[in-house]
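Read through the structure below, which is laid out as structure tokens, and then see the notes.
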Amino acid sequence: MRLLSVLLLMWSMTAAAHTHLTASVPADNAMLMKAPEALSLTYSAEVIMLNVTVTDSKGKKVPFGFKPVTKATSEFNWTLPTLKPDTYVVNWTIVGKDGHKVQKEYSFMVH
89 MRLLSVLLLM WSMTAAAHTH LTASVPADNA MLMKAPEALS LTYSAEVIML NVTVTDSKGK
149 KVPFGFKPVT KATSEFNWTL PTLKPDTYVV NWTIVGKDGH KVQKEYSFMV H
């Protein structure tokens, strides 16, 4: 039982240590009356950004000049083209300093 408690404690500490998205512009589930001019992603620690895509409701990628980044930082910003009214999905993939790869997504809507 004691071993199980130690393993659970270690697992929870490791899970809590992984880097996560702390802020985004546009925000997750945002309903915007005006198209955003930029995409900004902020993380809880420095990460290497492997990939970011923005896709519309038909799955078409929005070109915005993303290039993989080899230098670790905690904040990333890109200028977006003019987005038409639609629902968009931002999908990002990072690697934290612990070597853990994280891929997540969120969506926002432009009216």
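When you read off a place in the sequence shown, starting at 1, and then add 88, the result is the number in the numbering used here.
We put the CB at the ideal spot given by N, CA and C, even for glycine.
- Note on Met119: under 16 other CB atoms within 10 angstroms of its CB, so exposed under the neighbour-count rule.
- Taking a 10 Å sphere around the C-beta of Met121, we find fewer than 16 other C-beta atoms and assign the residue as exposed.
- Excluding the 5 residues flanking it on each side, Phe152 has same chain C-beta neighbours closer than 8 Å at Leu127, Val142, Trp166, Thr167, Leu168, Pro169, in chain order.
- In this model, Asp186 and Ser162 are separated by some 14 Å (Cα to Cα).
- The Cβ-Cβ distance between Ala115 and Val135 does not fall below 8 Å.
- Around the C-beta of Gly147, fewer than 16 other C-beta atoms lie within 10 Å, and the residue is accordingly described as exposed.
- Classified as buried, Pro124 has 16 or more neighbouring CB atoms from the shown chains inside 10 Å of its CB.
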